[in-house]
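Note sheet for the following structure.
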Amino acid sequence: MFKAGILDSDNLIPKIMPQAIKCVEILHGDGGLGTIKQIHFEKGMKFKSMTHRIDAIDKENFTFKVVGSGDGGCIYKNTSKYHTKGDAQVNEEHAR
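Encoded structure:
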């Protein structure tokens, strides 16, 4: 889930939310630390685009930190917890 939702989000998010996200463009970097990305929203959305920089990725603990850039930007940290349905078991290798 972390790999799909965070590490591969540039490709995944526009496919699962085409009504909202037009594309994700890497302005600088290779997707790792220090990478600057610009998310382009579809017409009719409140914002035209959003730019952010990846400041930390911890693949072992499934956390990341993104810092908004530009005037009026914001800083946020996201930690996600995933819960399986019923008795389903997921080993650590599947989570990555």
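First residue of the sequence shown: 114, per my numbering; consecutive thereafter.
We put the CB at the ideal spot given by N, CA and C, even for glycine.
C-alpha gap between D168 and G145, whole angstroms: The alpha-carbon atoms of D168 and G145 are separated by roughly 9 Å.
Rounded straight-line distance, which links the Cα of Q202 to that of I170: Distance between the alpha carbons of I170 and Q202 is about 25 Å.
DSSP three-state assignment for L140, whether helix, strand or coil: In this structure, L140 counts as strand in the three-state DSSP scheme.
L140 beta carbon less than 7 Å from that of I134: With respect to the 7 Å criterion, I134 and L140 are not classified as neighbours on the basis of their beta carbons.
Where the alpha helix (DSSP H) through K161 begins and ends: Per DSSP, K161 belongs to no alpha helix (DSSP H) and is neither H nor E.
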